[in-house]
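S.K.: Protein chains in written order, with our numbering: chain L, 1 to 202; chain A, 1001 to 1202. This is the structure I have questions about; it appears just below.
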DNA sequence: TATTTGGTTGTACATTATGTACAACTTGGC
DNA sequence: GCCAAGTTGTACATAATGTACAACCAAATA
């Protein structure tokens, strides 16, 4: 028999709220530096005020939870503005916006980004999740450089590859994490990286 | 009673050999990408052909093992050449050598470097070990820039801080790991980073 | 040769984590 | 009132770290 056309709005709401609390707990735990708060499914559940089994029911596994976390971060981190960058008529303006979007993204939940990157290095499954979700950056860099090349006269392929790798490096979390230090505001970091990006193309 | 003046050369040799085999097994395991080869004390011992208790006896704990691994990597990765860099009479030559030493270091056992960095992010104890051992880079950058500033006329403090952070970024593992891709030789990576470092100072 | 000592090994145990299975329960939706 | 989605608790299997302790081995020493 076919599934009945349930509405279930209130239930949806309740379970979504649970999901959100679980994700929030996971964020908190990943961001927390105290060694007492080790990141584990058990602790996430406890912090979310939910049974361990609920986390399994909602996300399937620890990797599933991280997958949900990635999506949640992309939503909250302003990755939706990425399309705006490419709508800029001028290629260099587009690059500036591109840089800014990623700096904002890394800034939005910095300790979690750091932890996720580390988990990805150590766990191939997590790496696959991140690669899939952060592939936008690779593609974006390529597209941007294509536009810049067309606008300013195409450079040699070798220089293109070099510029692509450098722009990829500049927009990486590691770059943001190294340059965003106490005493240098977020806005200044963005302008600094934008300046470096333009230097690369000259 | 005071300890007797033991010689024990042959025993030393034997145990040192054991230590080396354990460290080698740890390196292999950390470098191995197959998910079957999870990094654990148990697996390290098994690969080294040694009982688990021996690893504990020699290194105390997993963190102790990683500590030993760091020291071993520094020895094998040519960090001893760091002093040579600072013996260069010209400041910019010194910087070139400085860059080359670190690129060689990151290159020497790349997958292990990658894994160690990730472990450090997730484990404060490991982070302390790495910070202690890799502080040379922070200090080195500062010293280099002091020399460059004296040689070329001292720039503003703000630019100094910026240059220091950028040079720190350029000599990081992350930079090496991003730029050393198939099709770009190690030597080319070094020259590329050296060129970027000089650009920073202009 | 006999003994001491440093290093190795095995066993047992406590603790913590992931993950699966399954039954019981709760509550919104029909 | 009934159904089903979602939640919870219990039990269990597996694997990892870490500690304690006793047994053992072989080199070094007296």
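No residue lacks a Cβ here, since even glycine has one placed at the ideal position from N, Cα and C. Here the structure is a predicted model, which means the values were calculated and not measured.
#1: Tell me which residues of the stretch 160-173 of chain L have at least one Cβ-Cβ distance to chain A shorter than 8 Å, keeping chain order.
#2: Taking 7 Å as the threshold (C-beta atoms), are residue 1072 of chain A and residue 968 of chain A in contact?
#3: Roughly how far, in whole angstroms, is the beta-carbon of residue 196 of chain L from the beta-carbon of residue 148 of chain L, given that I think they are within contact range, below 8 Å?
#4: Report buried or exposed for residue 1135 of chain A, applying the criterion of at least 16 other Cβ atoms within 10 angstroms of its Cβ.
#5: Alpha carbon to alpha carbon, how far is residue 1004 of chain A from residue 110 of chain L?
#6: What's the gap between the Cα of residue 1159 of chain A and the Cα of residue 43 of chain L?
#7: Looking at the C-beta of residue 118 of chain L, does it have a partner C-beta in chain A at a distance below 7 Å?
#8: Taking the straight line between their C-alpha atoms, what separation do you get for residue 167 of chain L and residue 141 of chain L?
#9: I want to verify the contact list: residues of chain A whose CB lies under 8 Å from the CB of residue 33 of chain L, in sequence order.
#10: Smallest Cα separation from residue 30 of chain L: which of L:174, L:120, L:75 and L:113?
#11: Closest Cβ-Cβ distance between residue 1176 of chain A and chain L: below 7 Å?
#12: Could you tell me the alpha carbon to alpha carbon distance between residue 1182 of chain A and residue 169 of chain L, rounded to whole angstroms?
#13: Between residue 1003 of chain A and chain L, is there a C-beta pair that is closer than 7 Å?
#14: Quick check on residue 114 of chain L - is its C-beta less than 7 Å from some C-beta in chain A?
#15: Could you please give the first and the last residue of the uninterrupted alpha helix (DSSP H) stretch that includes residue 168 of chain L?
#16: For a quick check, are the C-beta atoms of residue 125 of chain L and residue 55 of chain L less than 7 Å apart?
#17: Just to make sure I have the definition right: I need the residues of chain A whose C-beta is within less than 8 Å of the C-beta of residue 199 of chain L. Which are they?
#18: Find the nearest neighbour of residue 1095 of chain A within the set A:1122, A:1164 and A:1016, judged by alpha-carbon distance.
#19: Taking residue 126 of chain L as part of the alpha helix (DSSP H), name the residues at either end of that continuous run.
#20: For residue 1192 of chain A, go through chain L and note every residue whose CB falls closer than 8 Å to its CB, in chain order.
#21: For chain A, is any of its Cβ atoms less than 7 Å away from the one on residue 179 of chain L?
#22: Could you spell out where the alpha helix (DSSP H) holding residue 68 of chain L opens and where it closes?
#23: For the ligand SAH, is there any heavy atom lying closer than 6 Å to the beta carbon of residue 1167 of chain A?
#24: Using beta carbons (cut-off 7 Å, strictly below), is residue 101 of chain L in contact with chain A?
#25: From the DSSP output, in three-state form, read off residue 952 of chain A for me.
#26: Based on Cα-Cα distance, which residue from L:177, L:15, L:117 and L:80 lies nearest to residue 67 of chain L?
#27: By the DSSP assignment, the alpha helix (DSSP H) with residue 1032 of chain A in it spans what residues?
#28: Could you tell me which chain A residues have their CB closer than 9 Å to the CB of residue 121 of chain L, listed as they occur along the chain?
#29: Closest to residue 12 of chain L by CA distance: which of L:58, L:32 and L:28 is it?
#30: Which residues in the same chain have their Cβ closer than 6 Å to the Cβ of residue 21 of chain L, if we skip the five residues on either side of it in sequence?
#31: Could you check which residue in L:123, L:157 and L:145 has the C-alpha nearest to that of residue 1032 of chain A?
#32: In terms of residues, what are the limits of the alpha helix (DSSP H) holding residue 186 of chain L?
#33: Please report how far the alpha carbon of residue 1138 of chain A lies from the alpha carbon of residue 1150 of chain A, in whole angstroms.
#34: For residue 82 of chain L, tell me which candidate among L:120, L:103, L:186 and L:192 has the shortest Cα-Cα distance.
M.R.: From the atom records:
#1: So the close ones are 161, 162, 165, 166, 168, 169 and 172.
#2: Here chain A covers residues 1001 to 1202 and nothing more, so residue 968 of chain A does not appear.
#3: Not a contact, Cβ separation roughly 15 Å.
#4: It counts as exposed.
#5: Residue placement at residue 1004 of chain A is poorly supported in this model, since its pLDDT is 45, which falls under 50; the coordinates are not used for a value here.
#6: 44 Å
#7: yes
#8: 7 Å
#9: 1124
#10: Minimum Cα distance to residue 30 of chain L is reached at L:113.
#11: Residue-level contact check: residue 1176 of chain A does not touch chain L, since none of the beta carbons of chain L fall below 7 Å from its beta carbon.
#12: Their Cα atoms are separated by approximately 16 Å.
#13: Unreliable placement is indicated for residue 1003 of chain A, whose pLDDT of 40 sits below 50; the coordinate value is still reported in the next sentence. No - not a single Cβ of chain L is within 7 Å of the one on residue 1003 of chain A.
#14: Yes, contact with chain A.
#15: 157-170
#16: no
#17: 1199
#18: A:1164
#19: 124-133
#20: For residue 1192 of chain A, the C-beta contacts it makes with chain L under 8 Å involve 162, in order along the chain.
#21: yes
#22: 62-76
#23: For the structure depicted, the ligand SAH is absent and the ligand set is empty, with no information on it obtainable.
#24: no
#25: Outside the shown range of chain A, which is 1001 to 1202, sits residue 952 of chain A, and nothing can be said about it.
#26: L:117
#27: Note, residue 1032 of chain A: premise wrong, no alpha helix (DSSP H); not H, not E.
#28: 1114, 1115, 1117, 1118, 1119 and 1121
#29: The residue from L:58, L:32 and L:28 with its alpha-carbon nearest to that of residue 12 of chain L is L:58.
#30: These residues qualify, in order along the chain: 48.
#31: L:123
#32: 186-200
#33: Their backbone Cα atoms lie some 19 Å apart in a straight line.
#34: Ranking L:120, L:103, L:186 and L:192 by Cα distance to residue 82 of chain L puts L:103 first.
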